[in-house]
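A.B. asks: Numbering (the working numbering), first residue to last: 5 to 73. Don't be surprised by glycine CBs; every beta carbon is placed ideally from N, CA and C.
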Amino acid sequence: MNEVAKWMIALGSVVASVGLVVFGIGTSFVRPGADEINLGLALMIGGLLVFFVGGGLYQRTKGPDTSTD
5 MNEVAKWMIA LGSVVASVGL VVFGIGTSFV RPGADEINLG LALMIGGLLV
55 FFVGGGLYQR TKGPDTSTD
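What follows is the structure, given as structure tokens:
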């Protein structure tokens, strides 16, 4: 479970930063209310949510990974 939390933290932060870039591009070059703005907001919110859930999960399962594959 510790490995899943690490993946959630890593991917959540990347998705949130990509969402910030898409949102910035949408507000700079496209008319207001365009799909890029909404997509950027969705990626930022979703990425931050996954990041914080993964961080909380990592705190609860901190320590060596004792799962068997």
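(1) Less than 8 Å between the beta carbons of Leu47 and Val19, yes or no?
(2) Which of the three DSSP states is assigned to Thr31 in this structure?
(3) For Met12, count neighbouring C-beta atoms within 10 Å of its own C-beta (all shown protein chains included) and say buried if the count is 16 or more, exposed if not.
(4) Could you tell me whether the Cβ atoms of Gly30 and Ile41 are closer together than 8 Å?
(5) With C-beta atoms as the reference, is Phe27 less than 8 Å away from Gly44?
C.D. replies: From the atom records:
(1) yes
(2) Collapsing the DSSP output to three states places Thr31 in a helix.
(3) buried
(4) yes
(5) yes
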